[in-house]
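Asks:
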RNA sequence: GCCACCGUAGCUCAGCUGGUAGAGCAGCUGAUUUGUAAUCAGCGGGUCGGGGGUUCGAAUCCCUUCGGUGGCUCCA
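This is the structure in structure tokens:
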């Protein structure tokens with residue numbers, strides 16, 4: 001990377017920053033956003049400018065304009081941008097007083113810029129000029145427009161002014177810019193790769209699940225192949241929970257509205273809950289969470305301090321109202337199953353329990369091939385229940401557990417649940433995208449609302465602390481993430497069909513069927529295909545449906561009592577005995593590969 | 001919910017400025033008996049998302065409604 005040409009101009013002078021640095025890239029892309037705004041002003045003089053920052057993957061600019069931009073117009077805008085880049089206009093910084101700047105932008109008919117200036121505290125502000133285009137901007141920028149080597153405009157979307165839905169909807173144009181054509185192409189290929197692994201597309205192609213208009217948006221139908229994957233995940237989850245000292249529960253899907261009033265959900269979570277249903281004059285509510293049920297099981301008899309911690313876990317299906325615009329495949333739905341658990345413990349046990357949960361979570365995630373993650377600690381939101389003191393203690397318990405485990409984390413201020421602070425784990429998938437699934441939340445308030453207690457060693461009543469946690473979050477979302485992570489090529493233990501056995505000609509049908517039978521006896525999910533088709537055709541079909549092992553028998557194999565073994569990735573292991581083949585597959589299964 | 005775009009066969013899509021629907025794959029039938037990413041031929045399949053309107057005539061134009069997509073806001 002030739003850093004000498006990636007200068008940025010600051011008020012203190014010129015600094016050299018490579019594109020590869022985060023800051024350098026941001027300046028580069030922010031400059032590209034200015035050029036896009038300039039191009040728009042040239043093409044549509046009446047357009048009003050809002051804001052245009054760089055993002056992690058590119059940049060955008062928000063505009064107010066009375067007619068809507070179309071995809072075709074992006075090409076025109078790009079052409080205009082190329083002209084501006086070719087002109088190689090220098091970016092010139094000017095400083096003026098806030099009043100002068102307001103005059104300037106009021107005169108230029110830029111109400112959004114005036115509004116921004118209204119809220120800036122500083123008396124001196126900076127503007128950047130490039131050619132005949134001036135924008136209010138803190139900077140810095142590239143030395144000149146000609147420094148942009150490669151860019152592309154990607155999409156148009158609506159966006160509220162200042163992100164507030166009460167404000168006017170503006171038009172946002174997204175684009176990206178790179179230091180070279182090659183890097184841009186690499187990024188565009190990455191976008192293609194994302195499309196190829198889209199779980200909605202693969203879900204249909206591989207016949208895993210569907211969401212039907214007739215059933216309702218955000219409600220998932222698990223097809224046989226998806227259901228077997230879910231069943232495998234659930235079995236693993238249940239086994240590991242028993243091993244980790246959890247008790248498994250089942251609870252109903254609806255409960256009296258009063259329960260939700262008592263728990264605080266009706267006051268703090270109503271916008272995500274459905275309207276109550278009438279049952280013989282009593283109001284009942286579909287559950288948006290599982291915790292009140294688990295609390296009632298806790299409360300079903302007197303608890304001793306010796307029993308704690310009590311760990312209740314359930315694959316609990318909940319229903320939450322989500323606004324139609326936010327639904328997205330399996331990743332955002334209205335009905336989903338949480339791998340939920342509630343741990344009741346004494347206050348001095350919190351840290352130890354949270355550390356156990358952290359270990360357990362990371363173990364489960366690693367099993368699915370997620371070994372990179374970011375951890376966040378979310379603190380008290382504006383709407384909350386409980387006392388400030390309780391929040392303080394809960395937050396520090398989470399923080400100390402993370403520190404004890406040596407887990408680096410960032411703080412998300414105000415992002416906690418209404419009943420307590422939480423730790424969120426964002427996993428990184430095979431192409432490095434982040435997904436949030438796991439969450440661990442401390443709750444000092446619900447135990448109080450339901451007045452749950454335990455008998456201490458002193459013979460007195462004490463209040464337990466409750467920890468809510470979900471490791472995969474929801475089975476639906478986790479499944480969606482898994483599909484994208486593996487790009488549909490699930491490891492053998494999760495694959496709906498683990499191997500398929502093909503015959504070369506009809507005369508081998510009996511033999512391959514006996515091979516399939518033997519492998520099925522081992523508990524493997526094996527399909528048989530004796531269709532009257534060429535072997536290339538059958539292999540193609542098997543690869544398209546991501547079957548891990550392709551087993552083929554012709555005259556040779558029948559003669560030697562073997563089977564030819566080929567992996568999904570194209571490696572051919574040659575003719576092996578049925579025994580050898582079975583042990584290769586069983587080995588993958590045992591090691592969850 | 002908001003803004004934009006989209007909705008044609010099981011799937012992917014074509015159908016220009018209105019003259020009542022087409023391809024590939026998949027499916028079915030037959031021929032072929034095949035050695036690791038597509039054998040050939042024939043056949044069946046659509047109230048063009050739903051409703052309403054304009055028109056002699058609507059997949060095509062208008063309104064409305066339901067879905068989907070990209071974002072915004074919100075979240076497992």
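In our numbering, the protein residues as written are 1 to 593.
Every residue, glycine too, gets a C-beta built ideally from N, C-alpha and C.
Keep in mind that this is a model prediction, so the values were computed, not measured.
Alpha carbon to alpha carbon, how far is residue 237 from residue 588?
Replies: Between residue 237 and residue 588, the C-alpha separation is close to 19 angstroms.
Asks: What is the DSSP secondary structure of residue 498, counted as helix, strand or coil?
Replies: Here residue 498 sits in coil by DSSP.
Asks: Using the three-state DSSP reduction, which class does residue 579 fall into: helix, strand or coil?
Replies: Three-state result, residue 579: helix.
Asks: Please report the distance separating the alpha-carbon of residue 78 from that of residue 43.
Replies: In a straight line, the C-alpha of residue 78 is about 11 angstroms away from that of residue 43.
Asks: Three or more beta-carbon pairs under 8 angstroms between the segment 411-421 and the segment 377-384, yes or no?
Replies: At 8 angstroms Cβ cutoff, the stretches touch.
Asks: I'd like the list of long-range same chain contacts for residue 311, defined as Cβ closer than 7 angstroms, with 5 residues on each side in sequence excluded.
Replies: Excluding positions up to five away in sequence, the list reads 245, 246, 247, 341 and 343.
Asks: If you follow the alpha helix (DSSP H) that residue 559 is in, where does it begin and where does it stop?
Replies: 555-560 is the extent of the alpha helix (DSSP H) around residue 559.
Asks: What do you get for residue 564, buried or exposed, if any count of 16 or more other CB atoms within 10 angstroms of its CB means buried?
Replies: Per the 10 Å Cβ criterion, buried.
Asks: For the beta strand (DSSP E) containing residue 169, name the first residue and the last one.
Replies: Residues 169-178.
Asks: Are the segment 176-192 and the segment 440-457 touching, with three or more C-beta to C-beta distances below 8 angstroms?
Replies: No, they do not touch.
Asks: In chain order, which alpha helix (DSSP H) runs of at least 4 residues are fully inside the segment 252-308?
Replies: The segment 252-308 contains these whole alpha helix (DSSP H) runs: 257-263, 265-268 and 291-299.
Asks: Three or more C-beta pairs under 8 angstroms: does that hold for the segment 109-128 against the segment 172-185?
Replies: No contact exists between the segment 109-128 and the segment 172-185.
Asks: I need the straight-line Cα distance from residue 374 to residue 499, nearest angstrom please.
Replies: C-alpha separation (whole angstroms): 36 angstroms.
Asks: Taking Cβ to Cβ, would you say residue 552 is nearer than 7 angstroms to residue 525?
Replies: Their beta carbons are not under 7 angstroms apart, which means residue 552 does not touch residue 525 by this criterion.
Asks: Leaving aside the five residues before and after residue 300 along the sequence, list all residues of the same chain whose C-beta is less than 8 angstroms from its C-beta, in chain order.
Replies: Excluding sequence neighbours, residue 300 sits near nothing in its chain.
Asks: Quick one, which of 254, 37, 152 and 475 has its alpha-carbon nearest residue 129's?
Replies: Ranking the options by Cα distance to residue 129, first place goes to 37.
Asks: Alpha carbon to alpha carbon, what distance is there between residue 318 and residue 258?
Replies: In a straight line, the C-alpha of residue 258 is about 18 angstroms away from that of residue 318.
Asks: Which of the three DSSP states, helix, strand or coil, is assigned to residue 333?
Replies: Reduced to three states, the DSSP call for residue 333 is coil.
Asks: State whether the segment 318-328 contacts the segment 264-274, with contact taken as three or more CB pairs (one from each stretch) at a distance under 8 angstroms.
Replies: Segments in contact, yes.
Asks: So what's residue 671 in DSSP terms, helix, strand or just coil?
Replies: This structure leaves residue 671 out entirely; the chain is present only between 1 and 593.
Asks: What would DSSP say about residue 208, mapped onto helix, strand or coil?
Replies: Residue 208 falls in the coil class under three-state DSSP.
Asks: In the DSSP assignment, the alpha helix (DSSP H) including residue 541 goes from what residue to what residue?
Replies: 535-544 is the extent of the alpha helix (DSSP H) around residue 541.
Asks: Going straight from the alpha carbon of residue 561 to that of residue 538, what length do you get?
Replies: If you take the alpha carbons of residue 561 and residue 538, they lie about 22 angstroms apart.
Asks: By Cβ distance, which residues of its chain are closer than 7 angstroms to residue 144, with the 5 residues on each side in sequence left out?
Replies: Excluding positions up to five away in sequence, the list reads 88, 89, 90 and 91.
Asks: Beta-carbon within less than 8 angstroms of residue 201's beta-carbon, same chain only, minus the 5 sequence neighbours each way: which residues are those?
Replies: Hits under 8 angstroms: 195.
Asks: Which residue from 571, 492, 513 and 313 puts its Cα closest to that of residue 546?
Replies: Taking only the C-alpha atoms, the option nearest residue 546 is 492.
Asks: Helix, strand or coil for residue 354, going by three-state DSSP, please let me know.
Replies: Of the three classes helix, strand and coil, the one that applies to residue 354 here is helix, per DSSP.
Asks: Spell out a yes or no on whether the segment 157-166 and the segment 439-449 are touching, meaning 3 or more CB-CB pairs, one atom from each, closer than 8 angstroms.
Replies: Too few Cβ pairs lie closer than 8 angstroms, so no.
Asks: For residue 111 and residue 180, what's the separation of their Cα atoms in angstroms?
Replies: Approximately 36 angstroms, taken between the alpha carbons.
Asks: Using the Cα positions of residue 422 and residue 398, report the straight-line distance between them to the nearest angstrom.
Replies: Rounded to whole angstroms, residue 422 to residue 398 spans 7 angstroms at the Cα level.
Asks: Measure the beta-carbon distance from residue 34 to residue 53 and round it to whole angstroms, keeping in mind my assumption that it falls under 8 angstroms.
Replies: In fact, because the Cβ distance is near 11 angstroms, the residues do not count as touching under 8 angstroms.
Asks: Residues in its own chain within less than 6 angstroms of residue 125 by CB, not counting five upstream and five downstream?
Replies: For residue 125, where only same-chain residues beyond five positions count, the Cβ hits under 6 angstroms are 98 and 101.
Asks: Could you compute how far the alpha carbon of residue 346 sits from the alpha carbon of residue 362?
Replies: Their Cα atoms are separated by approximately 24 angstroms.
Asks: What residues match up with residue 328 in a beta bridge as DSSP calls it?
Replies: Answer by DSSP bridge pairing, in chain order: 332.
Asks: Could you pull out every residue in the same chain whose Cβ sits closer than 6 angstroms to the Cβ of residue 106, ignoring the five residues on either side in sequence?
Replies: These residues qualify, in order along the chain: 114.
Asks: Is DSSP giving residue 185 helix, strand or coil here?
Replies: Looking at residue 185 - three-state DSSP - the assignment turns out to be helix.
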